[in-house]
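Peer 1:
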Amino acid sequence: MSAAKPEVIAQGKALLSINCKQYIEAQGFDAGKLLGIIAAKHLANETISYKEVYETCHRRNGKWGKEIGMAAARFCTGAASIWGWANGHPGMNDAVVNAHTKKRGDGAAAMDYLKD
């Protein structure tokens, strides 16, 4: 990426940002709310659980189901991490943790490369 023109990088990040928001919305979440909450928690060095992300940001107010809810929250947290990287918040997904262990979930490790 060091050889890419700054305007091309900016354009690519803008597209990533838009695509991540659309993906989060398509999964039934309020993208603005989800991104705002995770970014705020990250900046405050606080955490939020996958369950809280699901229950607070999912539009259908469905019951938390360990399989479906966890998968949805993880995928949307991944999209939030990419959005964060594109918008100057690298490592944003560190704010989302497993409710029982208080540690980042299995899906979060895949996004570590976006911190650099």
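Oh and the sequence shown: position 44 is 173 in my numbering, straight run, nothing missing.
Ideal placement from N, C-alpha and C gives every residue a C-beta, glycine not left out.
Measuring CB to CB, does Gln-156 end up less than 7 Å from Ala-201?
Peer 2: Taking the first residue of the sequence shown as 1, we reach residue 156 at position 27. Taking the first residue of the sequence shown as 1, we reach residue 201 at position 72. Yes, the pair counts as a contact, with Cβ atoms nearer than the cut-off.
Peer 1: I'd like the list of long-range same chain contacts for Tyr-152, defined as Cβ closer than 6 Å, with 5 residues on each side in sequence excluded.
Peer 2: For the purposes of this step, residue 152 is taken as the residue at position 23 of the sequence shown. Counting only Cβ-Cβ distances below 6 Å, and skipping sequence neighbours, we find Ala-208.
Peer 1: Thinking just about the alpha-carbon of each residue, which of Leu-172, Thr-206, Ile-138, Ala-133 is nearest to the one in Ala-160?
Peer 2: Locating residue 160 in the sequence shown gives position 31, where the first residue counts as 1. If we check each option's Cα against that of Ala-160, Thr-206 comes out closest.
Peer 1: Does the Cβ-Cβ distance between His-149 and Trp-212 come in under 7 Å?
Peer 2: Residue numbering aside, residue 149 sits at position 20 when the sequence shown is read from its first letter. Residue numbering aside, residue 212 sits at position 83 when the sequence shown is read from its first letter. In the sequence as displayed, the identity of residue 149 is Cys instead of His. Closer than 7 Å, so yes.
Peer 1: Pick helix, strand or coil for His-218, following the three-state DSSP scheme.
Peer 2: The sequence position of residue 218 within the sequence shown is 89, counting from 1. DSSP, reduced to helix, strand and coil, places His-218 outside both helices and strands of the structure shown, so it counts as coil.
Peer 1: Do the region 162-171 and the region 214-227 make contact, defined as three or more Cβ pairs closer than 8 Å?
Peer 2: Counting Cβ pairs under 8 Å, three or more are found: they touch.
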